[in-house]
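Visitor: Residue numbers (my numbering): -16 to 425. Got a structure for you, written out below as structure tokens; questions coming shortly.
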Amino acid sequence: MKILMNNEHIEYQSTEEIKRFQESKLHDALYYLNRHSPFYQNLFKAEGIDIRSIRHLEDLQRIPFTEKRDLQLHNSDFLCTPTEMIIDFITTSGTLGDPVTFAMTDRDLERLAYNEKISFLCAGVKPIDTVQIMTTIDKRFMAGLAYFLGLRKLGAGIVRVGNGIPELQWDTIRRIRPNTLMCVPSFILHIIKYAEEHGIDYQKSSVRKIVCIGENLRESDFSLNLLGQRIKEKWNVELYATYASTEMATTFAECEYGCGGHHHPELIICELVDDDGRIVTEEGRVGELVITTLGVEGMPLLRFKTGDMVSFHTSACRCGRTTMRVSPVVGRANHMLKYKGTTLYPPAMYDVLDNTPYVENYVIEASLSENGTDHITACIGLSEASRPTPDNIVKDLKDRFRAKIRVAPQIEILSTEEIRRINYPDMSRKPVKFIDNRGKNS
């Protein structure tokens, strides 16, 4: 199995050269799957697919999609190596159902480190920098390990603090003086709040840059969303957004111009499809991201539907890279809501609530009404400071929702502790902000 390293230059080549390069790597990936993957061997046989006929990227459309359900039902059939070659076992977060196990070889970990190295470089991180990682590196979580491996390969300094605990975060910043943070953007507001409450002059801290994961910083037009605006208003730092998933084992990171996550052609092939599985070709139109991994040894994927709704942007970037750029994630394909004639995704509601000063925490619940239409309830926990009088809370929240997304959900006020238990159930590695009960009502 070839390891695709030291190909950073491909991101600066012509579109035609990038396509030829990817078609060569696709050929290698197909032959590897045909020799080593029980799942894809069965798929090729059942569908009568001769991999020799798949010569161009467009030919991928002859191959059926792989979906999350396939990984859940046939997990072990995706493994392409003997178990003695596996170094690390990880699982997905399980946000779309039962978690899926991924097995990684030593070469896969090398590939992961390479991916993060070039992604950090894209986001302006240099070997001379010191990066404080505010995500967990345990609990079978790929991301924290990936960041550590990538920064180590880059040669940057690393401080592994983990998630939460604002007091420890600020103590670490004071002691070690990192210039870069790696964290979920909404947590930035929490550490700012802690600093303000405890007399910490965060504007004069060592931090100059924050690389963000897990939540959007920008709108589809790449302008800062409400969360991004609020952070920038509070703290004069550079903000970079990234997008990744366990299944892709690849990261799309912004450069300094903040106009989408840059594609790494040596690591992944990307397609965009509509609801009917047809290729979306219109620039900037939203579709579901479909990926084919390149250079993965343990559990490579072919035409995997990620469930993430994004758009592609193909014009050359001012940074000099000519690769396609991926927009911020609009939402999950199966989380789309039709509410009072408006189509929306939960992240648009998160953006409103994350930027309402008296909202401490929240969870969005979707269910079916008696008429079979989508019903949305925003369950809100209130902070003690700077909130409206009880009579005005619901009206103010609904006004905020209508100003942003044109419709307002049902509002229910709960205790912050009750919502915290919903946000952080046992075994969860990510906060639960959306609960979809629509399938349970039928």
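Just so you know, even glycine gets a beta-carbon here, dropped at the ideal spot from N, CA and C.
Classify Glu(-6) as buried or exposed, calling it buried when 16 or more other Cβ atoms lie within 10 Å of its own Cβ.
Guide: Burial call: buried.
Visitor: Drop a sphere of 10 angstroms on the beta-carbon of Asn375, count the other beta-carbons inside from all chains shown, and report buried for 16 or more, exposed for fewer.
Guide: It is exposed - the Cβ of Asn375 has fewer than 16 other Cβ atoms within 10 Å.
Visitor: Pick out the complete beta strand (DSSP E) segments inside the stretch 41 to 100, 3 residues or longer, and give them in chain order.
Guide: Within the stretch 41 to 100, the complete beta strand (DSSP E) runs of at least 3 residues are 69 to 74, 84 to 88.
Visitor: Compare the C-alpha of Ser350 against each of Tyr14, Ile359, Thr75, Asn344 and name the closest.
Guide: With distances taken between Cα atoms, Ser350 lies closest to Ile359.
Visitor: Just curious, the beta strand (DSSP E) that His(-8) is in, first and last residue?
Guide: Per DSSP, His(-8) belongs to no beta strand (DSSP E) and is neither H nor E.
Visitor: Name the DSSP bridge partner or partners of Ala428?
Guide: The structure shown does not extend to residue 428, since the chain is modelled only from -16 to 425, so the question has no answer here.
Visitor: Assuming Pro168 and Cys195 are in contact, meaning their beta carbons sit under 8 Å apart, how far apart are those beta carbons, in whole angstroms?
Guide: Indeed they touch by this definition, with Cβ atoms about 4 Å apart.
Visitor: Taking the beta strand (DSSP E) that Gly147 falls in, what are its first and last residues?
Guide: Element bounds for Gly147: n/a, residue is neither H nor E.
Visitor: Using a Cβ cut-off of 8 Å (strictly closer), state whether Ile175 contacts chain D.
Guide: Note that chain D does not occur in the displayed structure, where there is just one protein chain.
Visitor: Enumerate in chain order the residues of its own chain whose CB-to-CB distance from Val293 is below 6 Å, with the five nearest sequence positions on each side excluded.
Guide: Leu272, Val309, Ser310, Val312.
Visitor: In the DSSP assignment, find the unbroken beta strand (DSSP E) run with Gln393 in it and report its ends.
Guide: 393 to 397 is the span of the beta strand (DSSP E), which, as asked, contains Gln393.
Visitor: Buried or exposed, going by whether 16 or more other CB atoms sit within 10 Å of the CB of Tyr14?
Guide: Tyr14 should be labelled exposed.
Visitor: Excluding the five sequence neighbours on either side, which residues of its own chain have a C-beta within less than 7 Å of the C-beta of Lys217, listed in chain order?
Guide: These residues qualify, in order along the chain: Ile175.
Visitor: Can you list, in chain order, the residues of its chain whose CB lies under 6 Å from that of Ile166, leaving out five sequence neighbours each side?
Guide: The sequence shown places Cys at residue 166, not Ile. These residues qualify, in order along the chain: Met117.
Visitor: CA-CA distance, Ala299 and Thr(-2)?
Guide: Whole-angstrom Cα-Cα distance: 9 Å.
Visitor: At what residue ranges does the stretch 205 to 250 contain a whole run of the beta strand (DSSP E), taking only runs of 3 or more?
Guide: Counting whole runs of 3 or more residues, the stretch 205 to 250 contains the beta strand (DSSP E) stretches 221 to 228, 233 to 236.
Visitor: Using three-state DSSP, classify Val377 as helix, strand or coil.
Guide: In this structure, Val377 counts as helix in the three-state DSSP scheme.
Visitor: For Met282, which of helix, strand or coil comes out of DSSP?
Guide: Here Met282 sits in coil by DSSP.
Visitor: Counting only the same chain and skipping the five closest in sequence on each side, list residues whose C-beta sits under 6 Å from that of Glu348.
Guide: Contacts found: Thr360, Ile418.
Visitor: Could you tell me the alpha carbon to alpha carbon distance between Met307 and Thr297, rounded to whole angstroms?
Guide: The alpha-carbon atoms of Met307 and Thr297 are separated by roughly 5 Å.
Visitor: Suppose the cutoff is 8 Å on Cβ atoms and the five residues either side in sequence are ignored; what does the same chain contact list for Leu79 look like?
Guide: Per-residue confidence for Leu79 stands at a pLDDT of 46, beneath the threshold of 50, marking its modelled position as unreliable; the derived number appears in the next sentence. Taken in chain order, the residues that qualify are Lys51, Gly290, Arg315, Asn317.
Visitor: On the DSSP bridge list, what partners appear for His181?
Guide: In the DSSP output, where bridge partners are listed per residue, His181 has none listed.
Visitor: Given 8 Å as the limit, is there contact between the stretch 250 to 263 and the stretch 274 to 288, that is, 3 or more CB pairs closer than that?
Guide: As far as the Cβ criterion goes, the stretch 250 to 263 touches the stretch 274 to 288, which means the pair count is three or higher.
Visitor: One question on the structure: do Thr325 and Ile73 come within less than 8 Å of each other, judged by their Cβ atoms?
Guide: No, the Cβ-Cβ distance between Thr325 and Ile73 is not below 8 Å.
Visitor: What did DSSP end up calling Asp291 once you bin it into helix, strand or coil?
Guide: Note: Asp291 maps to strand in three-state DSSP.
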